[in-house]
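In what follows, a single structure is set out as structure tokens and then discussed.
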Amino acid sequence: MIKRSFFSLNQPRLVYDLPEPDLKEPELIPVPASLSVLIAEAIDSTKQALIKKGDAVKKGEKLKLYDDSTAYTLSPVAGTIKLFDTYSDDFGNIATFILIKPDQTQTSGDDTIKLDTVEDIGFADQFLRKLPGAPPFEMLANGKTKINTIVITCSDTDLLSTTSQFVSLKYTDEVKEGARILKRLTKVPRFCITIPENLETQMSFDSIQILKTSNIYPSTLPALVMKDHLNITLPAGQMPEDMGICFIRAEALVSLARVYKTKEAVFDKILTLIGKEGTRHRVRATIGTPLSKIFSRFNIHVNEQDRIIIGGPMKGFATFTPHHPVLADMDTVIIQDRDIIPQLSDYPCVNCGKCIRICPANIPVNLLVRYLEADQYEEAADRFDLESCIECGLCAYVCTAHIPLYQYIRLGKHELLTLRAEA
Ligand code: SF4
Ligand code: SF4
């Protein structure tokens, strides 16, 4: 297997955005008439499901499909299950969505699950995985992964997104409190926080090491934070946790602080919404809210063939339904007008070499993509370093022939994992 350094002389010059200086309260989206939540497990028609249409659920109630299920979700509202059915993500992974109709007559008290919060990572894994910010409790609690450093991300990881910076600045005290709780839960000795070097802030953190990240994309991606600030090179095919490093959004710590204070799960997700003219909106919406409700709040009309991107412009993925729900890890949503969507092409590579020059992992992308186009995933990994890709998307951004290189690479990695699992 080829191993390459992340260093490259050809650094891209795309600059991360900063949050709005006034840090006003986000625009609150009212709880809609129905919400959908996802469980990362497929429906098995041979088993007796624990949930059914018509079941009443409380706010914060844990929902899972079967007795032996380890995947679960939490109901973000008190209400009634209207439907549950199969959901397929952009890679064809099968999950289950549950449609819940909120009960408008219930307002507080008995309709909300009260948590008997204990400072134990097992408790957090059992009840708090689905909080806004998607805390990685499953990984922290599994006992197989030995984490020695937790990196809190105040720096956003994609262009245009400013959610993590906004949350860190606006709710600094709760980030600190969440970090204190997480320290007690995990006993991890070292905590760091990424902060953009050009962000003007007086934030200070006791016993948390500040890592000042460059404002040039893709310096905030985990592999580069590890290399530039922790002096750890992420080997090909490995994840940060394999090297003892856990990344966690600042928003997940805010959620943790609120849960331990109120003894109730929380579901308000902060988003950066970028409209068709590039206008940025700061949004607070309940997890499970259909994106269409957010668009209508800002009078954004989604026409046929407009593109809805979940995530930033470099690493995001397109969804073809405006009813896609707000998720715990959804930081950014972008609407692109159909008239300005960059056209992909099926033109062949013209060997201009731009993708190779810009790749921070020094991958011969033009050669790699030929193998991916031919579905030769093992060869792509063994000969052209597929697994060293840090998924920055820069190659696709510069490609002269408009080949969807990033999409080929993500799909290639997914297929490689599937092949190996089957083998
Ligand atoms: S996405 Fe493209 S440019 Fe970025 S690391 Fe992977 S191959 Fe290189
Ligand atoms: S940037 Fe596109 S056209 Fe140029 S060498 Fe890479 S794949 Fe080929």
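Take the sequence shown: its position 163, counted from the start at 1, is 180 in my numbering, and no numbers get skipped. Quick reminder that beta carbons are idealized off the backbone N, C-alpha and C, glycines included.
With 16 other Cβ atoms within 10 Å as the buried cut-off, status of residue i
| i | result |
| --- | --- |
| residue 24 | Residue confidence for residue 24 is low, a pLDDT of 42 falling below 50, so the modelled location carries little weight and cannot support an answer. |
| residue 22 | Confidence at residue 22 is low in this model, with a pLDDT of 43, below 50, so its placement is unreliable and the value that follows should be read with caution. Exposed, since its Cβ has fewer than 16 Cβ neighbours within 10 Å. |
| residue 160 | exposed |
| residue 191 | buried |
| residue 103 | exposed |
| residue 26 | Summary for residue 26: the model assigns pLDDT 42, below 50, so the residue's position carries little reliability; its value from the coordinates is reported in the next sentence. Label assigned to residue 26: exposed. |
| residue 166 | buried |
| residue 224 | exposed |
| residue 17 | This structure leaves residue 17 out entirely; the chain is present only between 18 and 440. |
| residue 96 | buried |
| residue 437 | exposed |
| residue 65 | exposed |
| residue 487 | As displayed, the chain neither begins before 18 nor continues past 440, which places residue 487 out of reach and without an answer. |
| residue 219 | exposed |
| residue 18 | Model confidence at residue 18 stands at a pLDDT of 43, short of 50, so the residue's coordinates are unreliable; what they give is reported in the following sentence. Counting Cβ neighbours within 10 Å, residue 18 comes out exposed, since fewer than 16 surround it. |
| residue 278 | exposed |
| residue 439 | exposed |
| residue 101 | buried |
| residue 153 | buried |
| residue 257 | buried |
| residue 20 | Note that residue 20 has pLDDT 44, beneath the 50 cutoff, so the model's placement of it is unreliable and no number is given. |
| residue 409 | buried |
| residue 142 | buried |
| residue 139 | exposed |
| residue 193 | buried |
| residue 175 | buried |
| residue 181 | buried |
Proximity of residue i and residue j at Cβ, strictly below 9 Å
| i | j | result |
| --- | --- | --- |
| residue 291 | residue 308 | no |
| residue 426 | residue 367 | no |
| residue 134 | residue 37 | no |
| residue 273 | residue 247 | no |
| residue 240 | residue 111 | no |
| residue 71 | residue 115 | no |
| residue 378 | residue 356 | no |
| residue 262 | residue 164 | yes |
| residue 259 | residue 162 | yes |
| residue 75 | residue 62 | no |
| residue 202 | residue 251 | no |
| residue 67 | residue 282 | no |
| residue 107 | residue 334 | yes |
| residue 289 | residue 183 | yes |
| residue 433 | residue 404 | yes |
| residue 243 | residue 286 | no |
| residue 188 | residue 94 | no |
| residue 40 | residue 186 | yes |
| residue 206 | residue 237 | no |
| residue 354 | residue 392 | no |
Nearest-angstrom beta carbon gap, residue j and residue i [assumed within contact, 8 Å]
| i | j | result |
| --- | --- | --- |
| residue 305 | residue 117 | 7 Å |
| residue 341 | residue 327 | 7 Å |
| residue 35 | residue 58 | The pair is not a contact, with the Cβ atoms about 39 Å apart (cut-off 8 Å). |
| residue 43 | residue 299 | 4 Å |
| residue 351 | residue 312 | With 8 Å as the limit, residue 351 and residue 312 do not qualify as a contact, their Cβ atoms being about 12 Å apart. |
| residue 33 | residue 320 | Contact flag wrong, Cβ pair sits at about 30 Å. |
| residue 329 | residue 177 | 5 Å |
Residue of the options minimising C-alpha distance to residue i
| i | options | result |
| --- | --- | --- |
| residue 373 | 204, 79, 433 and 411 | 411 |
| residue 130 | 219, 430, 52 and 79 | 79 |
| residue 399 | 239, 254 and 58 | 254 |
| residue 376 | 234, 181, 100 and 333 | 234 |
| residue 87 | 316, 424 and 155 | 155 |
| residue 210 | 174, 169 and 138 | 169 |
| residue 148 | 265, 226 and 175 | 265 |
| residue 267 | 151, 350, 238 and 344 | 151 |
| residue 293 | 75, 316, 249 and 378 | 316 |
| residue 54 | 303, 144 and 173 | 303 |
| residue 344 | 140, 314 and 146 | 146 |
| residue 331 | 301, 271, 413 and 280 | 413 |
| residue 419 | 69, 142, 286 and 371 | 371 |
| residue 127 | 174, 73, 171 and 141 | 73 |
| residue 245 | 230, 175 and 405 | 230 |
| residue 121 | 139, 143 and 49 | 49 |
| residue 208 | 297, 197 and 175 | 197 |
| residue 416 | 397, 392 and 365 | 365 |
Contact test: residue i Cβ vs ligand 4 heavy atom, cutoff 8 Å
| i | result |
| --- | --- |
| residue 413 | Here the bound small molecules are ligand 1 and ligand 2; ligand 4 is not part of this structure. |
CB contact check: residue i to chain C, cutoff 9 Å
| i | result |
| --- | --- |
| residue 62 | Checking the listed chains, one finds no chain C in this structure; it contains a single protein chain. |
Query raised in the report: Of all the alpha helix (DSSP H) runs that stay within the bounds of the stretch 40 to 86, which reach a length of 4 or more residues?
Result: No alpha helix (DSSP H) of 4 residues or more sits fully in the stretch 40 to 86.
Report task. Would you mind listing the alpha helix (DSSP H) stretches within the stretch 101 to 153 that are 4+ residues and don't spill past its ends, in chain order? Result -> Listed in chain order, the complete alpha helix (DSSP H) runs (minimum 4 residues) inside the stretch 101 to 153 are 138 to 144.
Query - Segments assigned alpha helix (DSSP H), at least 4 residues, entirely inside the stretch 167 to 251 - result: Annotation: the stretch 167 to 251 contains the following complete segments of the alpha helix (DSSP H) (minimum length 4 residues), in chain order: 180 to 187, 189 to 203 and 239 to 246.
Query raised in the report: Whole beta strand (DSSP E) runs in the stretch 305 to 332 with 3 or more residues, listed along the chain?
Result: Every unbroken stretch of the beta strand (DSSP E) spanning 3 or more residues and falling wholly within the stretch 305 to 332 is given here in chain order: 324 to 327.
Requested in this report: Please list the segments of the alpha helix (DSSP H) lying wholly inside the stretch 249 to 308, counting only runs of 4 or more residues, in order along the chain.
Outcome: For the stretch 249 to 308, whole alpha helix (DSSP H) runs of length 4 or above, ordered along the chain, are 267 to 279.
**Report entry** Every unbroken beta strand (DSSP E) within the stretch 343 to 388, with a cutoff of 3 residues, ordered by chain
**Finding:** Scanning the stretch 343 to 388 for uninterrupted beta strand (DSSP E) segments of 3 residues or longer gives 349 to 353, listed from N- to C-terminal end.
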